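Taking it in order: structure first as structure tokens, then the write-up.
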Amino acid sequence: MANQYEHLFVRDMPIIVGEMDNEGEAAGLEQPKNLGDGFWLMHSKLVPESQINMTHIWVHEVSEPVHWVNPHTHDYDEILIWTGSNPDDPRDLGAEITMEIDGEKHTITTSGSVYIPAGTVHCPLDFVRVDRPFRFSALSLAPKYTSNKDAAQAA
44 MANQYEHLFV RDMPIIVGEM DNEGEAAGLE QPKNLGDGFW LMHSKLVPES QINMTHIWVH
104 EVSEPVHWVN PHTHDYDEIL IWTGSNPDDP RDLGAEITME IDGEKHTITT SGSVYIPAGT
164 VHCPLDFVRV DRPFRFSALS LAPKYTSNKD AAQAA
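With my numbering applied, the sequence shown corresponds to residues 44 to 198, in that order.
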């Protein structure tokens with residue numbers, strides 16, 4: 044019997060290359076040295092039926108503040124997720140990061156997430172310190188990643 048649903052599984056996560064235009068070289072920034080490779084967990088290129096895209100990256104230790112992502116908007120809703128790596132205390136992020144939403148600065152020190160409505164300016168996103176590696180994911184409610192940095196600059 045043919046396996047009807049095998050094509051829906053992503054078993055080899057491809058590395059994200061040049062598609063995130065608000066971070067790293069694509070944004071004219073140096074890629075932070077404390078970041079691992081970014082991977083696609085889900086994308087319409089991997090599963091054509093998918094109506095979401097999701098990324099995953101490990102963030103490693105750093106003792107000095109580091110800028111990662113510039114302000115931008117999306118035409119779709121997005122959920123950003125950060126998860127600590129302490130199995131004895133999963134709420135402990137082991138890091139301090141800051142992020143702005145429409146110019147309002149937020150400090151994050153626990154595992155959690157944030158819902159970003161479509162059209163909302165979000166970031167910069169910076170690492171104040173990272174004491175222990177943690178996972179960062181972005182879940183975008185659209186099949187492909189797109190952003191508008193010009194809208195963020197006008198806001």
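Built from N, CA and C at the ideal position, the CB exists for glycine as well.
Quick caveat: nothing in here was measured; it's all calculated off a predicted structure.
Query raised in the report: His165 bridges to which residues according to DSSP?
Result: Per the DSSP secondary-structure output, His165 pairs in a beta bridge with His115 and Ile144.
Query - Inter-residue spacing [alpha-carbon to alpha-carbon] between Ile144 and His110 - result: So the alpha carbons of these two residues sit roughly 16 Å apart.
**Report entry** Reference Phe177; option with closest CA among Ile100, Leu72, Asp55 and Glu49
**Finding:** Out of Ile100, Leu72, Asp55 and Glu49, Ile100 has the C-alpha closest to the C-alpha of Phe177.
Query - Cβ neighbours of His165 in the same chain (closer than 6 Å, five flanking residues each side left out) - result: Cβ neighbours of His165 within its own chain (closer than 6 Å, five residues either side excluded): Ile144 and Ile159.
Query - Sequence-distant residues of the same chain with beta carbon closer than 6 Å to Phe179, five excluded per side - result: Within the same chain, Phe179 has close Cβ partners Ile100, Val102 and Trp125.
Query raised in the report: What residue does the beta strand (DSSP E) around Glu121 start on, and which one ends it?
Result: If you look at Glu121, you'll find it in the beta strand (DSSP E) that goes Glu121 to Gly127.
Query raised in the report: So Phe52 is in the beta strand (DSSP E); what residue range does that whole segment cover?
Result: Bounds of any beta strand (DSSP E) do not take in Phe52, whose DSSP letter is neither H nor E.
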